[in-house]
Structure formats: C-alpha cells, structure tokens
Amino acid sequence: MKGIFTLTASAMVLMAAQASAQDLRVAVYTSSEPHLKLLNQLADGFKASHPGVNVRFETIPVADYTQKLSFQVAGGKAPDVAWMMEDAAPAFIEANILMDLTPVLQAFPNYDLADFTDPAMALWRKGDQVYGVPFSTSPFLIYYNKAMFDKAGLEDPKQLAEKGEWNMTKFQEVSKQLVAANPGKYAFEFKDGEGYASRMTHALLPPIRAYGGDLWENGQCGLESPGAVKAVQQIHDMVFKDKTIVPPGTQGDYFSGDSAMTVNQISRASKMKEAGFDWGVAPLPTGPNGEEGPVIGQAGFVVFEASPNKELAAELVAQMTDKEGVAALAQFFPPARRSVLTSDAFLNKNQYLSPEMMGFVAAGIEKGRVVAAHERVPQILAAMKPRVDALWRPDADVAKSLQGVCAAIQPLL
C-alpha cells in the first residue's frame, strides 16, 4: 500500500512538473498594448518551434516592480523569465538567484553573443558568465509638445539643440515662458509623471549628470558634490519658485497635454499616436561643460535559477534576443546589438520616430552612461526615500538635504 501510494505520488509530481514545463511565466512592467502585442508575436514564434508550450506575460506596475518581483522570489513564486531594471540587476546577480545563460546562448543557432556591445553587456556579466541579456539600452530624451512651444513663440528643444543652445539655463528660461503662455499647464514633468516617491533617481540623475556629477560612483555618494547641489537646487527652484515643474502631490500627464515637456525613452513613442498634438524629441539639455554623457536606462531578460523550466526559459530568452528578435524589439527598445543599431531598419523605419529623431537615440547609446546601479539598490533606495522626501518641501535647504541623503546611503555603498 505504501509503495503504491509512493509511486502514485511520484507520478503526480512528475505529471505536475511536465505540465508546468509547458507554461512559461514572463514578468514585465509594461501594459502598453503595442508592446504586449509585439511580445506575444515573439512568443508565438517560440511556441511554433516548441509545440505545447504556453508563454504568459504578466504585468507588474513599474512603480512597484522590483519590490513585488523580490517578494515573489522570496515566496517561492518567481516567474520563469523577467524583465530586470538596470539599477536592480547587481543585487539579483549577487544574490545568486539568476541562471547563467552563457551555455544556452552560445549553443543557440546563429546567436552571436559578441554582437552585443561591451558597455551594454557590462552590467549583466560576472566574469565569463552572462546573467541577463539587455533588450533595451535606451537613452533618456526630452519629449516636447510643439504646439505649446509655438503658442509661446519659442524655438523648440530640437531647434535649440541644433543651434547648440539647449542647456540647463535655457531649459529653465523657456519653462517660465511656456507657463506664462499656456495658463493652467506645466512646462515639465518627471519621467512617467513620477519622480518624488517612485523614480526619484530618474528625476535627479539627468540634471546632476548635466552638471558633471552622479548619484554615486566608485563607492562614493555624489549627491553632495557642488555640481549635484547646483543641479538639484535649480530643479527645486523650478518646482517651488518658478512653479514650472509638476509639484509633489499633483499628477501630471504629458501625453494628455498637461505639460510641455517630459523625459522618457523611445518605448513611450507608441503612446504619442493618441496624444492629439504635434510633438518631437530632442537630447537632454546640457550643463555648463557641454554634454556630459546622456543618461541611459537599461533593462534585460533574466531567468531565475529556481525555475523548474529554466532551460526552456533560457531558450525563450535566446530566441527573443537573437538578431531577428532584437530587430523586432528595436521599434520600441533601442538595441545593444551592433548589427541592429546601425541597420537601416532601426534608423529609418521606426513607425513612430523620424530618422532624425532616431539619430538622437543612436548617438545617445554611443555616448551615454547607464543609470547608476549597485548590488544594494533596494536598501539604498529605501534609505534615500525619507531624506529625498524632505528635499521636496518649499523651505528645504537643498545642500543640507543632500548631505543627509549621502550620510544615509554611504554605508551601503
């Protein structure tokens, strides 16, 4: 009886494993219909070569993404594959919970791992092991509402950039004029209308980089450097004195025409068909020393070591990031593959951005630096948040607030 029970239980375990092997869960932080449509098309190609396999894309809101993904991993409910943000990648790699994809990628037909640029792969490698494949190496750009600039009688950011006049001083100057000419509107909002609670580093980093600084570098906090203080003071003044940036507690929406400018990446261009106004993109404004290197956001596909289907999941990642897969993804997500980055299809056939706009993207990938990352990013962000909250008050002492942020995070760096 015991033997029969054991055999039956084993058979049930085997059947469950076989069933789960046919179902791959992929965690993503996009709910964009065009993005999901493309991802499902890529999954259909994989399913065609793997009969019986199902691929499900599960959206986790971006503001909670890394935290909820961490909870799923800790609770033994990790997805098979996940998009991984650049700032969180080192923590997941150091925790030894990601699969080394190298053997699968090297064995995949015509994959050509060497086609990926070394700077783009640096975050995802540890020695000779590859723990993720970047599918998006995307420079931050200024999106602007041309109609609002025209109403104010102003040259737009692209025109100013072409003249070499698109800098942080001009950014503040035109922001005041935009608000004066467009009552009830803001001149600028942070990435995705966030930046105070979530995406605080994305709000701070572009102006700080423009002034030659960084959030942290080589184990040292950079937020109390003179350049960082000057950059954040300028943004603070624009929020509370000029009242040109969407303030804390107010939800802006550039895509609905609430703001004249925002920072984002080319993946958001898919939303512009619904915007109802003339628009364009331009490089980020430069600082006093000229261009200090565009800010690049990066995301990669990873496979969790605990996945019962990790070999199959790794094959899915390989197929979605081979040359054909990256070429398809490139309409929304700038590629790290040299062959695709310089291709006519990438530069001249994007359905949302003109070849000139795509030139800004390509230049940003070539010159840019990835968003600051660290293996302790979750702890760093948790330590930063209350100190950054204190910064976003009208009477805040910016320099003292930034010193407080550095005091909180330096032991973690």
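Residues -21 to -1, 1 to 392, numbered by mature numbering (1 follows the signal peptide of the UniProt record, and there is no 0), are exactly what the sequence shown covers, in order. The beta carbon of each residue, even a glycine, is placed where N, CA and C say it ideally should be. All of these numbers come straight from a predicted model, not from anything done at the bench.
- Counting along the chain, the unbroken beta strand (DSSP E) around Ala61 starts and ends at 60 to 64.
- With contacts defined by Cβ atoms closer than 8 Å, Thr9 and Leu17 do not form a contacting pair.
- Less than 8 Å separates the beta-carbon of Asn146 from that of Pro264.
- Around Gly31, the same chain offers Gln1 as residues with beta carbons nearer than 8 Å, after the five sequence neighbours per side are excluded.
- Pairing Leu139 with Leu326, the inter-Cα distance amounts to about 22 Å.
- In the structure shown, the three-state DSSP call for Glu294 is helix.
- Non-local C-beta neighbours of Asp237 in its own chain, meaning closer than 8 Å and more than five positions away in sequence, comprise Lys164, Tyr165, Glu168, Val225, Gly231, ordered along the chain.
- In this structure the stretch 119 to 130 does not touch the stretch 297 to 309; the number of beta carbon pairs closer than 8 Å is below three.
- Counting C-beta atoms within 10 angstroms of its own C-beta, Ala324 has fewer than 16 neighbours from the protein chains shown and is therefore classed as exposed.
- Under DSSP, Arg316 takes part in a beta bridge, and its partners are Phe95.
- Between the alpha carbons of Ala309 and Gly111 lies a distance of about 18 Å.
- Using a Cβ distance threshold of 8 Å, Phe119 and Gln244 count as a contacting pair.
- Within the stretch 26 to 89, the complete alpha helix (DSSP H) segments at least 4 residues long are 44 to 53, 68 to 73, 81 to 86, listed from N- to C-terminus.
- For Gln277, there is no enclosing alpha helix (DSSP H); the enclosing beta strand (DSSP E) covers residues 274 to 282.
- Assigned with DSSP and collapsed to three states, Trp145 falls in coil, not helix or strand.
- According to the DSSP secondary-structure assignment, Glu168 is paired through a beta bridge with Thr241.
- Here the stretch 369 to 377 makes no contact with the stretch 291 to 301; the two share fewer than three CB pairs at distances below 8 Å.
- Remark: C-beta atoms of Met63 and Phe71 approach each other more closely than 8 Å.
- Secondary structure remark: continuous alpha helix (DSSP H) runs of at least 4 residues inside the stretch 175 to 251, in chain order: 179 to 189, 205 to 219.
- Residue pairing by DSSP leaves Gln138 without any beta bridge partner.
- The continuous beta strand (DSSP E) containing Gly259 extends over residues 258 to 261.
- By a beta-carbon distance limit of 8 Å, Met240 contacts Ile121. Their separation comes to about 6 Å.
- Proximity to Ser249 across Asn89, Gln330, Val282 peaks at Gln330, based on C-alpha coordinates.
- Judged by their CB atoms, Glu203 and Leu381 are nearer to each other than the 8 Å cut-off.
- In the three-state reduction of the DSSP assignment, Ala131 falls in the coil class.
- Around the beta carbon of Pro262, 16 or more other beta carbons sit within 10 angstroms, so the residue counts as buried.
- Per DSSP, reduced to three states, the secondary structure at Gly266 is strand.
- Phe311 is classed as buried because its beta carbon has at least 16 other beta carbons within 10 Å across all chains shown.
- Pro113 is bridged by DSSP to Gly279.
- Here Ala293 is actually not in contact with Met100; their C-beta atoms are around 16 Å apart, not less than 8 Å.
- When only Cα atoms are considered, Gln108 and Leu80 end up about 7 Å apart.
- Just measuring C-alpha positions, the residue of Val242, Lys220, Phe219, Phe256 sitting nearest Ser235 is Phe256.
- Sequence-distant Cβ neighbours of Lys26 in its own chain, meaning closer than 6 Å and more than five residues away, are Val32.
- With fewer than 16 other beta carbons inside 10 angstroms of its own, Asn75 counts as exposed.
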